[in-house]
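Residue numbers (our numbering), protein chains in the order written: chain Z, 1 to 109; chain Y, 1001 to 1336; chain X, 2001 to 2621. Backbone N, C-alpha and C define an ideal beta-carbon position, used for all residues, glycine too. Take a look at the structure below.
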Amino acid sequence: MMDFGFYLTPSSTIELDKVDRKAVDDLARADSGFRTCIACGSCTASCTAGVFAETSVRRAILSVLNGRDEKAMDLLSSCMLCGKCMMVCPRGINTRHLILSLQKYYNGK
Amino acid sequence: MAKNIIVIGGGPAGLEASARLDALGYNVFLVEKETRLGGHLARWDRLFPEGVPAAPVLEKLVSGTGNTKVMLESEVLSLSRLGKSFRISLTSGVSVIADAVLMTTGFDLFDASKKEEYGYGIYDHVVTNADIEGYFRTGKDPRIGSPERIGLVHCVGSRDEKAGCRNCSKVCCATAVKQACELKAKFPSATVYCFYMDLRMFGRGYEDLYLKAQKEYGIRFIRGRVSEVSEKIDKTLQVKAEDTLSSTPLKVSLDLLVLMAGMRPSEAGAKVGKMIRLGTGDDGYFNTSDGFTGMQATSVPGLFVAGASTGPKTLPDTLSEARAASALIHEYLRES
Amino acid sequence: MTPFHILQVAPEVIDRVPGAYAHFVLPFCVGIVFCICWLGVGLVRVLANLSSSDRKALLLSLINPKTLWKDIKDIFCDCLLHLKIWQRKPLLGYMHSAIAFGWFLIIILGHLEVWLFAPRHLYLDNGALFYPIFYRYFIWVNPEHTTLRGSLFFFLMDLCLLYILSGIGLAIFKRFRSRLLGMKHTTKPSLMDRVALFSLWGIFPLRLLAESFTADLAGGSFLTLPANALLRFLFGNNLYYLPWWWAYSVCLGLFFVSLPFSRYMHILTEPLLILLRNAGIKVRHPRKGYAEAEIYACSSCGLCIDACPMNVQKKNLRFSSVYFIRFLRRHNEKKINRIADKCLQCGKCLALCPVGVDSPAIRRRQRAAYNDVLPFDYSPLKAPAPQGAVPGKVMYFAGCMSHLTPRIIKAVLEVFREAGEDFVFADENGGLCCGRPLLLAGKDRAAKTVIEANRKMIMESGCSTLVLSCPICLKVFKEEYKLQGIEVLHYTEYMDRLVAQERLTLKKGEGSYVYHDPCELGRGCGIYDAPRRLVGSVGELRKAEKEGDESVCCGGSLGSLTLSYEDRKKITAGALDNLLANHPDRIVTACPLCLKTFSDASSDVPVVDIAELVADSITRT
Chain Z
1 MMDFGFYLTP SSTIELDKVD RKAVDDLARA DSGFRTCIAC GSCTASCTAG
51 VFAETSVRRA ILSVLNGRDE KAMDLLSSCM LCGKCMMVCP RGINTRHLIL
101 SLQKYYNGK
Chain Y
1001 MAKNIIVIGG GPAGLEASAR LDALGYNVFL VEKETRLGGH LARWDRLFPE
1051 GVPAAPVLEK LVSGTGNTKV MLESEVLSLS RLGKSFRISL TSGVSVIADA
1101 VLMTTGFDLF DASKKEEYGY GIYDHVVTNA DIEGYFRTGK DPRIGSPERI
1151 GLVHCVGSRD EKAGCRNCSK VCCATAVKQA CELKAKFPSA TVYCFYMDLR
1201 MFGRGYEDLY LKAQKEYGIR FIRGRVSEVS EKIDKTLQVK AEDTLSSTPL
1251 KVSLDLLVLM AGMRPSEAGA KVGKMIRLGT GDDGYFNTSD GFTGMQATSV
1301 PGLFVAGAST GPKTLPDTLS EARAASALIH EYLRES
Chain X
2001 MTPFHILQVA PEVIDRVPGA YAHFVLPFCV GIVFCICWLG VGLVRVLANL
2051 SSSDRKALLL SLINPKTLWK DIKDIFCDCL LHLKIWQRKP LLGYMHSAIA
2101 FGWFLIIILG HLEVWLFAPR HLYLDNGALF YPIFYRYFIW VNPEHTTLRG
2151 SLFFFLMDLC LLYILSGIGL AIFKRFRSRL LGMKHTTKPS LMDRVALFSL
2201 WGIFPLRLLA ESFTADLAGG SFLTLPANAL LRFLFGNNLY YLPWWWAYSV
2251 CLGLFFVSLP FSRYMHILTE PLLILLRNAG IKVRHPRKGY AEAEIYACSS
2301 CGLCIDACPM NVQKKNLRFS SVYFIRFLRR HNEKKINRIA DKCLQCGKCL
2351 ALCPVGVDSP AIRRRQRAAY NDVLPFDYSP LKAPAPQGAV PGKVMYFAGC
2401 MSHLTPRIIK AVLEVFREAG EDFVFADENG GLCCGRPLLL AGKDRAAKTV
2451 IEANRKMIME SGCSTLVLSC PICLKVFKEE YKLQGIEVLH YTEYMDRLVA
2501 QERLTLKKGE GSYVYHDPCE LGRGCGIYDA PRRLVGSVGE LRKAEKEGDE
2551 SVCCGGSLGS LTLSYEDRKK ITAGALDNLL ANHPDRIVTA CPLCLKTFSD
2601 ASSDVPVVDI AELVADSITR T
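Pasting the structure below:
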């Protein structure tokens, strides 16, 4: 495609075509919570770190599914693994495991 | 000689089925453990979607039962098969031999104090959907006062693995929107918030109710589940949720928090089910012989089910099932 | 060269075998030399992998009379008498002490006998390696010189042998009927375990046979003399004793050769572990140094299998500590990780381990090996100052989890007010996490940052006492925070003190209660009595089936990284069964996580927190 110079900033559109589907599959295999989240927001609301810094398991999961792994990592960098989100999750997702799996997967990538 | 039928559970399903079977000429025995008929309907003030009063509906159901022998304050002591019939004995000392049994044991309301983080029974101004109905019926509830800020929490004990209930209780969304409107009408200066995960307004007239809530009552709908409630020294409540639509944590001070307690399989019903080896699913509700064409039949010949004992149902659903079960029982008894 | 003055053999015995050597001693000699060399290398490896500060601590502990005395006492009580096993399972304790202590005695007595009657054979060039072991083969008793001390030794040696044989008998019995000795599950022995086990079983019966064959020549007592007479009766005067001495020696040799590759290695490594532990050394690496000493000190007895709360499900048996240690020994990285992550960190296996192998700590090291490198950014985190400085006051830190169980916070605050305490609520509007969950996950660097931030907030407040409602916080505040001058208390301790000081009077009600020991409070911080005193003063305290340091984890623990919610529910159900053994009216606990976990799962019996009980039972004047 010819570049007419319109793309000075990256588009903010979520481009599902460009999502690394293997990464999503790998992560979902490591923790099924990536697939079973119903986005109720309990985790974000109860988050201990969320009082100080933008932290959200729900949005991190969504970011992974939308192919924005850097954003996902950012959203969890202040996490203290306190486990409150695990206690409130209505789907019984082991959020601490999910967070560690995500960090293990993308760390150094 | 007319054949005997026992109906276990005197809620809407039991009442409607008794009325239909009585009209077909059977000897109907209606067993109810409480001191009055009507089940949860008797505790309700108004019904969604239009907000018609519950009392006349119940009255109509009760008056239709005709010659049905109603046995109040009776629990089932034993229920067993005797050839093709059933033998049942009750705590009241009565024993009956019946040709068919209909289980209309309904549901229990989820015990909201089990959701520790919402503080039901701990904080002064946290109530449940049933409490609100009681308040509207009696006009009395010291917990309610004259609130300026009211929050309603959907899915309390429903869609929640931690509360041991994965399924949706079906009626809470509509109940919440109905109660939100009613509370707004009662306290016109109040701001009313509904905290929901998904709004399941599936029935006829439900979406109209939703529209009315937005347009006429100005209810604020927040897509996010409440995760924590704390109480300030002045007894106001601090509620935390995420406004998932703007992806931002949210907190709000409230004077009243209403928990939409969901449905649980009836404990008393489960006991009776065990006596006759009626199977249940993982969710605790009774199994039917078929999910589409056999919703009122069970694996035990002569044993039938109707209403919320086989899963969460709305009142119209329940009454339809009761009528369907009556027709099925009639067919069964005519053949045998 | 042997000094002349001890060349004289005591008059009671005569050297029967010229040169004091026979070929049959060879298998034993090969075995023992191999074993000693192997151990020497292992010892050097462990010491070399310790950090230099740890090595220094070890050295200091060995010259400090206090720790040295503790070393000796612990080695005697744990390695020989096995008092820890005695306390829990007497029959199993007897079995262990019979074999260990009996064997120890027989070695000591054997050497003493040689020292008294044939002292020159205690020199290496005169067979010191094997002579005391096969003493009864090499000598003749002098019928002209029977003495009391000679007979006494014959008697003692037979007595010890009988003592050991009774232990061996129990051991054989246990192998086939472990349930009768109080064990539901036991480990499957590996090939080398079997070799060592069967040779261990063989050693002492063969010794009895060998010594019985020569009892008429070399002396014997109540066991060996009648056996000798019996053998004479069976075989006539032709005593074929040499094969039995060969068999005895081969058995010993086999045992010592297989020892380093078997579970019985613990007999020799446990003393080393005791020395290291008493020197205050902690595990730093999941494989090397202290961990290696622990790995080889594991006796593979399998007591931890029954201890593990995960084992309400049979599929979880493989996550037991004993298998974790086994895989560490075999360097099976994949399995090691899976087991390390699954553990609830409840610490029960450590509490019950007769050797004291801290496998929860090794698992945390293993987690750290992978998780400590994971990123974190706590730069935006600043612990909020609790309304400025509060000198001399009591500070209440509820912790993350307590905010999900408002009834605990409400009750604690009520007790504060009733007692007229001048207090400040540090994290009323949320605070930082205590850091313990990060430590449990192996994110050590991250934990350190959080701990430092919290510590700063607390130290700057100038408070005198810190009261915590979450045992998870309590453990890390006590162990890692180093809050000089500030007393750290769990609210059960604090309330217990209020009652003792009569600042709070409680009235006793009708109900009966069972108290659940939260893992981090009981096994973690050793607090068992204060909560029980509180419960006992408001109602009837009933016992659970297992309690105290044997209490069963509620299943809600943050320790496990991988356990699914479904599996946790099964653990919770098992823990509830344990608590309800004596039909109490209510379950009481003292941890927000236990409270929430149990109240979700308990349908019939209500679950309450001690703080609520206390708040409801205050007599107001």
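Asked                                                                                                                          : Found
is_contact[K84(Z), chain X] using C-beta, thresh 9 Å                                                                           : yes
Under 7 Å by beta carbon: chain Y residues contacting I38(Z)                                                                   : M1197
Euclidean distance between Cα positions of D2216(X) and L2230(X)                                                               : 12 Å
Cβ neighbour criterion (16 or more within 10 Å) applied to N2429(X)                                                            : exposed
Where the beta strand (DSSP E) through C1194(Y) begins and ends                                                                : T1191 to Y1196
Residue of Y1206(Y), R1220(Y), V1070(Y) and K1084(Y) minimising C-alpha distance to L1037(Y)                                   : V1070(Y)
Rounded Cβ spacing between S2599(X) and E1116(Y) (contact assumed at less than 8 Å)                                            : 6 Å
Expected contact under 8 Å - CB spacing of F2204(X) and L2161(X) to nearest Å                                                  : 7 Å
As assigned by DSSP and simplified to three states, the class of N107(Z)                                                       : coil
The segment 1200-1234 of chain Y: positions lying closer than 8 Å to chain Z by Cβ                                             : R1223, G1224, R1225, V1226, S1227 and E1228
Beta-carbon contacts of H2005(X) that lie in its chain and below 8 Å, excluding the five residues immediately before and after : Only weak support is given to the placement of H2005(X): the predicted model assigns it a pLDDT of 43, under 50, and the question is left unresolved by the model.
C-alpha distance - E1331(Y) paired with N1067(Y), whole-angstrom precision                                                     : 21 Å
Closest Cα partner of V57(Z) within the set Y105(Z), E70(Z), C79(Z) and D26(Z)                                                 : C79(Z)
Outcome for N1004(Y) when other beta-carbon atoms lying within 10 angstroms are tallied against a minimum of 16                : buried
Y2123(X) in three-state terms, based on DSSP                                                                                   : coil
Contact under 9 Å by Cβ, A1190(Y) with R1149(Y)                                                                                : yes
CB of L102(Z) within 9 Å of CB of L27(Z), strictly                                                                             : yes
C-alpha gap between K2073(X) and P2065(X), whole angstroms                                                                     : 12 Å
Residues of its chain near V1239(Y), where Cβ-Cβ distance is below 7 Å and the 5 sequence neighbours each way are ignored      : G1151, V1226, V1229, K1251, V1252, L1254 and L1257
For C2304(X), the residue or residues it bridges with in DSSP                                                                  : Partner(s): none; C2304(X) has no beta bridge.
Straight-line Cα distance separating R2016(X) from L2007(X)                                                                    : Low per-residue confidence applies at L2007(X): pLDDT is 43, beneath 50, and the placement is therefore not dependable enough to give any value.
Bridge partners - E1228(Y), DSSP secondary structure assignment                                                                : K1240(Y)
Endpoints, the alpha helix (DSSP H) within which I2472(X) is located                                                           : P2471 to E2480
Span of the beta strand (DSSP E) around E2540(X)                                                                               : E2540 to R2542
Distance between V2046(X) and Y2240(X) (C-alpha atoms, nearest Å)                                                              : 46 Å
Within-9 Å CB hit, L2595(X) to chain Z                                                                                         : no
Neighbourhood of F2104(X) by C-beta, 8 Å cutoff - its chain only, sequence neighbours within 5 removed                         : L2080
Closer than 9 Å to chain Z by CB, G2431(X)                                                                                     : yes
Contacting positions in the segment 1107-1121 of chain Y - beta carbon closer than 7 Å to chain X                              : K1114, E1116, E1117 and G1119
Any alpha helix (DSSP H) of 4 or more consecutive residues that is wholly inside the segment 2215-2256 of chain X              : 2215-2218 and 2224-2235
Entirely enclosed beta strand (DSSP E) segments - the segment 2520-2560 of chain X, minimum 3 residues                         : 2540-2542
Beta-bridge partners of D1108(Y), as assigned by DSSP                                                                          : R1264(Y)
Secondary structure of L2080(X), DSSP reduced to three states                                                                  : helix
Option nearest L2156(X) by Cα separation, candidates H2145(X), A2615(X), G2110(X) and R2503(X)                                 : G2110(X)
Beta-carbon gap between Y2135(X) and E2113(X) smaller than 9 Å                                                                 : yes
Between the CA atoms of P2375(X) and V64(Z) - distance to the nearest angstrom                                                 : 17 Å
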